[in-house]
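Structure record follows, encoded as structure tokens.
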Amino acid sequence: VQIGAEQPVPPMPEQHLAKPGLEAQMAVKPRFMAEHYKGSGKLEGQVAIVTGGDSGIGRAVAVLFAREGADVAVLYLNEHEDAAETQRCIEAEGRRCVTIAGDVKDMEFCQQAVDAVVAEWGRLDVLVNNAAFQEHASSLLDITEERFDETMRTNIYGYFHMAKAALPYMKRGAAIVNTGSVTGLKGSKLLLDYSSTKGAIHAFTMSLAANLLDKGIRVNCVAPGPVWTPLNPADQSPDKIVHFGESTTYGRAAQPEELSPAYVFLASNACSSYITGIVLPVTGSVGE
Numbered sequence: 002v003q004i005g006a007e008q009p010v011p012p013m014p015e016q017h018l019a020k021p022g023l024e025a026q027m028a029v030k031p032r033f034m035a036e037h038y039k040g041s042g043k044l045e046g047q048v049a050i051v052t053g054g055d056s057g058i059g060r061a062v063a064v065l066f067a068r069e070g071a072d073v074a075v076l077y078l079n080e081h082e083d084a085a086e087t088q089r090c091i092e093a094e095g096r097r098c099v100t101i102a103g104d105v106k107d108m109e110f111c112q113q114a115v116d117a118v119v120a121e122w123g124r125l126d127v128l129v130n131n132a133a134f135q136e137h138a139s140s141l142l143d144i145t146e147e148r149f150d151e152t153m154r155t156n157i158y159g160y161f162h163m164a165k166a167a168l169p170y171m172k173r174g175a176a177i178v179n180t181g182s183v184t185g186l187k188g189s190k191l192l193l194d195y196s197s198t199k200g201a202i203h204a205f206t207m208s209l210a211a212n213l214l215d216k217g218i219r220v221n222c223v224a225p226g227p228v229w230t231p232l233n234p235a236d237q238s239p240d241k242i243v244h245f246g247e248s249t250t251y252g253r254a255a256q257p258e259e260l261s262p263a264y265v266f267l268a269s270n271a272c273s274s275y276i277t278g279i280v281l282p283v284t285g286s287v288g289e
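In this note's numbering, the protein residues as written are 2 to 289.
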């Protein structure tokens, strides 16, 4: 089934990547440029931070933000080759980009990164919390305390750290966009810890939105279904990844460029000034 744009369909290549996964090493490269998307200044003159912005959804979001007129700071773990390519694409859109390597589990890193961006560009208008860790497990008994802590501290503590660091700089009209997941809406028997963090992110989004109403800062969340990014071949075995996305109504995974316009929509007051505290599913399936 193909609805809308023609995109790659399963079977996907039998490939496994070492964590955290490099987009540059993927046999089938994710599509992130959204070539038919025309910018119209929805984020003109603004400054955005995108965590996990080196690849996947984060890269696609960073590129579209630049196309809409924003300067973008890309935070990433250690995927330097991918981050450099994202920077090249942002600058090709005519906007400024800085890349900052570090771990969102570390509050000190998050604070230093935000401080550096504001020192460089003088403002912060949009925060996209997107960095994530996931690893499949067939049983709860297979999840160690260390692995559970890694997932929790990356996926929910990381969002908390970044929001806490960013908020003192964000003024009325600013926006936070979090990346949730369909697994946070439905659960996932093979992603017990990951889906738990995504459910927490959805609740964090709604709660923070209510908390920041008086400050005029909107907080929303995009909940993707399966998306073709390095996160997945870095997690699943080659025999499983060939079927990635088959379970959706579309019969395929999304490409990052099919998610990024949703982030522009929620970041821009021109599009969504009357929207806060929502979890927007972009799942490729009916009724999700």
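C-beta atoms are modelled at their ideal positions from N, C-alpha and C, and glycine is treated no differently.
From the DSSP output, which residues share a beta bridge with residue i?
i, result
"residue 281", "223"
"residue 111", "Answer is none; residue 111 lacks a bridge partner."
"residue 1", "Residue coverage of the chain in this structure runs from 2 to 289, which leaves residue 1 outside it and unanswerable."
"residue 76", "52 and 101"
"residue 228", "255"
How about residue i and residue j: are their beta carbons less than 8 Å apart?
i, j, result
"residue 267", "residue 178", "yes"
"residue 74", "residue 105", "no"
"residue 94", "residue 67", "yes"
"residue 257", "residue 22", "no"
"residue 206", "residue 152", "no"
"residue 271", "residue 43", "yes"
"residue 108", "residue 37", "no"
"residue 49", "residue 19", "no"
"residue 283", "residue 254", "no"
"residue 224", "residue 280", "yes"
"residue 220", "residue 277", "yes"
"residue 11", "residue 259", "no"
"residue 131", "residue 51", "yes"
"residue 209", "residue 164", "yes"
Quick one: grab the DSSP three-state call for residue i.
i, result
"residue 25", "helix"
"residue 287", "coil"
"residue 42", "coil"
"residue 173", "coil"
"residue 309", "Here the chain covers residues 2 to 289 and nothing more, so residue 309 does not appear."
"residue 66", "helix"
"residue 7", "coil"
"residue 276", "coil"
"residue 20", "coil"
"residue 262", "helix"
"residue 96", "coil"
"residue 57", "helix"
"residue 15", "coil"
"residue 295", "Outside the displayed span of the chain (2 to 289) sits residue 295, for which this structure offers no information."
How many whole angstroms separate the CB atoms of residue i and residue j, which I take to be in contact at a CB cut-off of 8 Å?
i, j, result
"residue 47", "residue 127", "6 Å"
"residue 15", "residue 239", "4 Å"
"residue 63", "residue 111", "Not confirmed; about 18 Å, so no contact."
"residue 226", "residue 285", "5 Å"
"residue 61", "residue 273", "Contact doesn't hold; Cβ gap of about 18 Å is too wide."
"residue 185", "residue 203", "5 Å"
"residue 103", "residue 76", "7 Å"
Output the boundary residues of the alpha helix (DSSP H) element that contains residue i.
i, result
"residue 239", "239 to 242"
"residue 198", "193 to 212"
"residue 269", "Per DSSP, residue 269 belongs to no alpha helix (DSSP H) and is neither H nor E."
"residue 150", "146 to 153"
"residue 186", "183 to 187"
"residue 87", "81 to 93"
"residue 162", "159 to 167"
Quick one: is the Cβ of residue i within less than 7 Å of any heavy atom of the ligand SAH?
i, result
"residue 181", "This structure lacks the ligand SAH, and indeed carries no ligand of any kind."
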